[in-house]
Amino acid sequence: MTDQLLIIDFGSQVTQLIARRLRELNVYCEIHPFQNVTDAFLAEFRPKAVIFSGGPDSVVREGSPRPPASVYQLGVPILGICYGQQVMMQDLGGQVEGGKISGGGGTAEFGRAYVTPTEQRLPFLDGWFEEGREQVWMSHGDHVSRLAPGFEVFGTSPNAPFAITADPARRFYAVQFHPEVHHTPNGRRLYENFVRQAGFTGDWTMGAYREEAIRKIREQVGDKKVICGLSGGVDSSVAAVLIHEAIGDQLTCVFVDHGLLRLGEAEEVVAMFRDHYNIRLIHADEQELFLSALEGVSDPEVKRKTIGKLFIDVFQKHANSIEGAEFLAQGTLYPDVIESVSFSGGPSVTIKSHHNVGGLPEKMGLKLVEPLRELFKDEVRALGRELGLPDSFIGRHPFPGPGLAIRCPGEITRAKLDILRKADAVYIDQIRRHGLYDEIWQAFVAILPVRTVGVMGDGRTYDYACALRAVTSVDGMTADYYPFSHEFLGETATRIINEVEGINRVTYDITSKPPGTIEWE
Ligand code: XMP
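Under my numbering, the sequence shown has 331 at position 73, and the numbering climbs by one with no breaks.
As C-alpha cells, this is what we get:
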C-alpha cells in the first residue's frame, strides 16, 4: 500500500487544486467530503497526513461542517487552509470571529495580499520569505481572533495577523490563504514542505498506480463481464486498455461508428484495439442509420439530439448482445467526480454522466467501473503512455461526440462529409508537418454551406468554401485563435484547393471564445 494523504473537503471551489499540487509532488491523495469522514473511515484509510480544505460556511455558525475529533489524535501532520484553519483553531480551543465584508474596519480579505514573516522559523516555511514577503491569495470573511493553545504565528498580512500559524510540536499547520492557487506563486513549496514533514518520499508513480488499479478492477469485477464504450478519445482508450490488462476477454468494447468520424479514424481504432491489443471489439457500423436520420436536419441542437438519442439506442442494442454483462466501464476523470460531489448533499457521490452513455448504466441495470476516477487529464495521458498507447492517441486533440455533424453547418450530405474529411486530413497533416500539433488545443476544418466562384486552369469553378479553425485553450471554456504565419496559411490553402476536389476557397477563422465558440455549431 502506498502512503496516502487525506483531503477533507469542506466545499471549497479549489479543493481539486490541492490534489493537483500533491500529485505533482508524487504523493497519493484522495479527497473525501467531510460528511463521509467518520472515525471508522479514518481508522480504515489510515492517512499519513491530513489537509482540511477551505469552504463557504462559517465556523461561527452552529452546525457548520467539522471533522471528527479523532482526526487530531491520529498523530499525523494536519494542514488547515482558510476555513480549514478556522475549524482547527476553534476545535482546538482558539477563537474565530465573523468578518465584516466591506466598509471601514472590516477584516474580510479577498484577492491578492502579501504575507511577511515573524521572527520565528519553521521547516514548513523553507524556501519562503527569501525576498522578504510572499504574495498569497486570500478569500475569507471570518478570521481567527485567538490562537489555540500550542499555536504560534509565523506570518502575517495587513488584514490577517494570523496568516500562517502552527503548533510545531504536533505538526499542525494552519494558513488563512490558499497556497494551492496560481495567485500564490510559491504555494507549491508549502505543500512540498508539508508532505516531507509527514514523511512522504514522493514515490507515487504511474507504474504504482497501474498495478493498484489493476488489482482494484479484478477485485470489483471478479469473473463477471464488462462492456466499455470506445470512442477513440484518450479517456475511453486508456480505460479500455487498463481494464483489458486486468481482466482480458471478460471485457468487450463497443465502438459506434456514426459516419461522422474523420478520415481513417474507424480503421485506426479497430486496428489499434482489435489487432494490436487483442481486445474484443464490436465495431458497430451504423453510418446508414445516423446519416439517414440526419437527412434534411440543419438545426445544430436537433443534430445533437438526434445523434445522442441514436447513440444510446445503438450502444444498448450492441451491448445487449454481450451475454451476462454486469458492468459498464467509463473513462470518468477526477475533476468530473469532484465537480459532482455535492457540498450540502448526502454522503453519496453522484457521477456526471458522459454525453455518450448518459443514463445508460441505470437503464441497462449495469454497475459502473471507473478506473480513471482518481486522475487528472495529464495523468491519464501519463498512464496511457505507461500502458504503451502511442503518442498519436495520447496527444490527440479533443473531438466532439456529434463529430463532423457540427462542422458541417446547415444540411449534412454524404458528399459534403467526404469533402470535409479530405480537407481536414490535409489541414491536420500540415499542422503536424510544421510541428505545431501539440501547441494547438484543437484544430479542424468546417465546410461552409456556401459555394463560391473560382477559376482553376482555364475554367470556372463553383465549389464549397471552407473555414480553418485552430485554437489555444486550457480547458475549452475560453480560447484564442492560433496565430499561424501567413506563409503557413497560404501553403495550407493551396494544398487543400489542389488536393481536395469540391473546395475552391479557404478562409481562416480568427474569432476567440468568447464571443465565438470553438465549434461552428
Ligand atoms: P464549443 O464549441 O462549445 O466547444 O466552444 C468546447 C469544446 O467542447 C467540444 N464540444 C462538444 N463535445 N459534444 C461533445 O462531446 C458536443 O455536443 C460538443 N460541442 C462542443 C468542442 O469540440 C470543444 O472541444
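Every residue, glycine too, gets a C-beta built ideally from N, C-alpha and C.
Quiz prompt | CA nearest to the CA of phenylalanine 299, picked from Leu675, Gly338, Leu332, Lys483 | solution = Residue numbering aside, residue 299 sits at position 41 when the sequence shown is read from its first letter. Checked all of Leu675, Gly338, Leu332, Lys483; the closest Cα to phenylalanine 299 is Leu332.
Quiz item: How would you write the range of the beta strand (DSSP E) that glutamine 262 sits in, first residue to last?
Solution: Working through the sequence shown from its first residue, we reach residue 262 at position 4. That run of the beta strand (DSSP E) goes 262-267.
Quiz item: Got a sec? Which residues, its chain only, sit under 7 Å from threonine 564 by beta carbon, not counting five neighbours each side?
Solution: For this step, residue 564 is matched to residue 306 along the sequence shown. For threonine 564, where only same-chain residues beyond five positions count, the Cβ hits under 7 Å are Ala551, Leu552, Val555.
Quiz prompt | Buried/exposed call for serine 825, threshold 16 Cβ in 10 Å | solution = This structure does not reach residue 825, given that the chain is present from 259 up to 779, and the question cannot be answered.
Quiz item: Between which two residues does the beta strand (DSSP E) harbouring proline 291 extend?
Solution: Your numbering for residue 291 matches position 33 in the sequence shown. It spans 286-291 - the beta strand (DSSP E) in which proline 291 sits, taken as one unbroken run.
Exercise. Identify whether arginine 404 lies in helix, strand or coil by the three-state DSSP scheme.
Key: Translated into the one-based positions of the sequence shown, residue 404 becomes position 146. Residue state, collapsed to three classes: strand.
Quiz item: When we look at the beta-carbon of valine 713 and count the other beta-carbons within 10 Å, is it buried (16 or more) or exposed?
Solution: As a first step, residue 713 must be located in the sequence shown, where it is residue number 455. Classification of valine 713: exposed, given that the 10 Å Cβ count is below 16.
Quiz item: So is phenylalanine 368 buried or exposed if we call it buried at 16+ other beta carbons inside 10 Å?
Solution: Stepping through the sequence shown from its first residue, residue 368 is reached at position 110. Per the 10 Å Cβ criterion, exposed.
Quiz prompt | Start-end ranges of the beta strand (DSSP E) lying completely within the stretch 529-600, minimum 3 residues | solution = With a minimum length of 3 residues, the continuous beta strand (DSSP E) runs that stay inside the stretch 529-600 are 538-543, 583-587.
Quiz item: Would you call the stretch 690-706 and the stretch 666-680 touching, i.e. three or more CB-CB distances under 8 Å?
Solution: The count of Cβ pairs closer than 8 Å, one atom from the stretch 690-706 and one from the stretch 666-680, reaches three, so the stretches are in contact.
Quiz item: Hey, out of Ile537, Met346, Gln508, whose CA is closest to phenylalanine 310's CA?
Solution: In the sequence shown, the residue the question calls residue 310 occupies position 52. Residue Met346 is the option with its Cα nearest to phenylalanine 310.
Quiz item: Using CA coordinates, which residue listed in Lys625, Thr459, Pro658 is at the minimum distance from glycine 582?
Solution: On the sequence shown, position 324 is the one that residue 582 refers to. Closest by alpha carbon: Lys625.
Quiz prompt | 7 Å CB neighbourhood of arginine 709 in its chain, flanking five on each side removed | solution = For the purposes of this step, residue 709 is taken as the residue at position 451 of the sequence shown. Hits under 7 Å: Tyr720, Asp721, Tyr722.
Quiz item: Mind checking whether the beta-carbon of glutamate 777 lies closer than 6 Å to any heavy atom of ligand 1?
Solution: In the sequence shown, counting from the first residue as 1, residue 777 sits at position 519. Glutamate 777: yes, Cβ under 6 Å from ligand 1.
Quiz item: Given tyrosine 766, which residues of its chain have a CB within under 6 Å of its CB, disregarding the five upstream and five downstream residues?
Solution: Sequence index remark: in the sequence shown, residue 766 carries index 508 (1-based). Residues of the same chain with a CB within less than 6 Å of the CB of tyrosine 766, apart from the 5 flanking positions on each side, are Leu726, Leu747 in chain order.
Quiz item: Thinking C-alpha only, which one of Asn284, Val285, His290, Leu283 is nearest aspartate 267?
Solution: Within the sequence shown, the letter at position 9 stands for residue 267. For the residues Asn284, Val285, His290, Leu283, the minimum Cα distance to aspartate 267 belongs to His290.
Quiz item: valine 499 and leucine 618: beta carbons closer than 7 Å?
Solution: As a working mapping, residue 499 is identified with position 241 in the sequence shown. As a working mapping, residue 618 is identified with position 360 in the sequence shown. Contact: no.
Quiz item: Cβ of glutamate 392 within 7 Å of Cβ of asparagine 444?
Solution: Within the sequence shown, the letter at position 134 stands for residue 392. Within the sequence shown, the letter at position 186 stands for residue 444. Yes, Cβ-Cβ distance for glutamate 392 and asparagine 444 is below 7 Å.
Exercise. Out of Ala751, Leu280, Lys771, point me to the one whose CA is closest to asparagine 762's CA.
Key: The residue given as residue 762 occupies position 504 in the sequence shown. Nearest C-alpha to asparagine 762: Ala751.
Practice problem: Can you give me the start and stop residues for the alpha helix (DSSP H) that alanine 673 sits inside? | Solution: Position 415 of the sequence shown, counted from the first residue, corresponds to residue 673. That run of the alpha helix (DSSP H) goes 672-691.
Quiz item: What residues match up with threonine 463 in a beta bridge as DSSP calls it?
Solution: Stepping through the sequence shown from its first residue, residue 463 is reached at position 205. Per DSSP, threonine 463 has no beta-bridge partner at all.
Quiz item: From Cys340, Glu288, Val354, pick the residue whose C-alpha is nearest to that of tryptophan 395; which is it?
Solution: Taking the sequence shown and counting its residues from 1, the one referred to as residue 395 is at position 137. Per the Cα distances, Cys340.
Quiz item: If you drop the 5 nearest sequence neighbours on each side, which residues of the same chain put their C-beta closer than 7 Å to that of isoleucine 207?
Solution: Coverage of the chain is limited to positions 259 through 779, which leaves residue 207 absent and any answer about it impossible.
Quiz prompt | Proximity test, lysine 561 beta-carbon vs ligand 1 heavy atom, cut-off 6 Å | solution = Start at 1 with the first residue of the sequence shown, and residue 561 comes out as number 303. Proximity of the beta carbon of lysine 561 to ligand 1 is not indicated: no heavy atom of the ligand is located closer than 6 Å.
Quiz item: Comparing alpha-carbon positions, which option in Val758, Lys635, Asp649, Cys666 lies nearest tyrosine 685?
Solution: As a first step, residue 685 must be located in the sequence shown, where it is residue number 427. Comparing Cα-Cα distances from tyrosine 685 to each of Val758, Lys635, Asp649, Cys666, the minimum goes to Val758.
Quiz item: Leaving out the 5 sequence neighbours to the left and right, which residues in its chain are closer than 6 Å to proline 407 when beta-carbon positions are compared?
Solution: Mapped onto the sequence shown, residue 407 falls at position 149. So the qualifying residues of the chain are Gly351.
Quiz item: Among residues of its own chain, excluding the 5 on either side of valine 211, which ones have a beta-carbon nearer than 7 Å to its beta-carbon?
Solution: Since the first residue shown for the chain is 259 and the last is 779, residue 211 is missing from the structure and cannot be characterised.
Exercise. Work out the CA separation of histidine 576 and glutamine 508 for me, nearest whole Å.
Key: Reading the sequence shown from its first residue, position 250 is the one you call residue 508. Reading the sequence shown from its first residue, position 318 is the one you call residue 576. In this structure, the straight-line span from the alpha carbon of glutamine 508 to that of histidine 576 is close to 16 Å.
Quiz prompt | Span separating the alpha-carbon of arginine 278 from that of serine 403 | solution = Translated into the one-based positions of the sequence shown, residue 278 becomes position 20. Translated into the one-based positions of the sequence shown, residue 403 becomes position 145. Distance between the alpha carbons of arginine 278 and serine 403: 31 Å.
Practice problem: List the DSSP bridge partners of isoleucine 761. | Solution: Position 503 of the sequence shown holds residue 761. Tyr722, per the DSSP bridge assignment.
Quiz item: Which term fits isoleucine 768, buried or exposed, when burial requires 16 or more other beta carbons within 10 angstroms of its beta carbon?
Solution: The sequence position of residue 768 within the sequence shown is 510, counting from 1. Under the 10 Å beta carbon count, isoleucine 768 is surrounded by fewer than 16 other beta carbons and is classified as exposed.
Quiz item: alanine 366 and glycine 357: beta carbons closer than 7 Å?
Solution: Locating residue 366 in the sequence shown gives position 108, where the first residue counts as 1. Locating residue 357 in the sequence shown gives position 99, where the first residue counts as 1. At a Cβ-Cβ threshold of 7 Å, alanine 366 and glycine 357 count as neighbours.
Quiz item: Going by DSSP, what residues sit across from threonine 510 in a beta bridge?
Solution: Locating residue 510 in the sequence shown gives position 252, counting from the first residue. Ile485, Arg538, per the DSSP bridge assignment.
Quiz item: If you drop the 5 nearest sequence neighbours on each side, which residues of the same chain put their C-beta closer than 6 Å to that of arginine 468?
Solution: Stepping through the sequence shown from its first residue, residue 468 is reached at position 210. A distance below 6 Å between beta-carbons, with the five flanking residues on each side excluded, links arginine 468 to the following residues of its chain, in chain order: Glu644.
Quiz item: Are the CB atoms of glutamine 274 and proline 593 nearer to each other than 7 Å?
Solution: Taking the first residue of the sequence shown as position 1, residue 274 is located at position 16. Taking the first residue of the sequence shown as position 1, residue 593 is located at position 335. Yes; because the gap between Cβ atoms is below 7 Å, this pair is in contact.
Quiz item: I think arginine 665 touches glutamate 777, with their Cβ atoms under 8 Å apart; what is that distance to the nearest whole Å?
Solution: The sequence position of residue 665 within the sequence shown is 407, counting from 1. The sequence position of residue 777 within the sequence shown is 519, counting from 1. Cβ-Cβ separation between arginine 665 and glutamate 777: approximately 7 Å, consistent with a contact (criterion under 8 Å).
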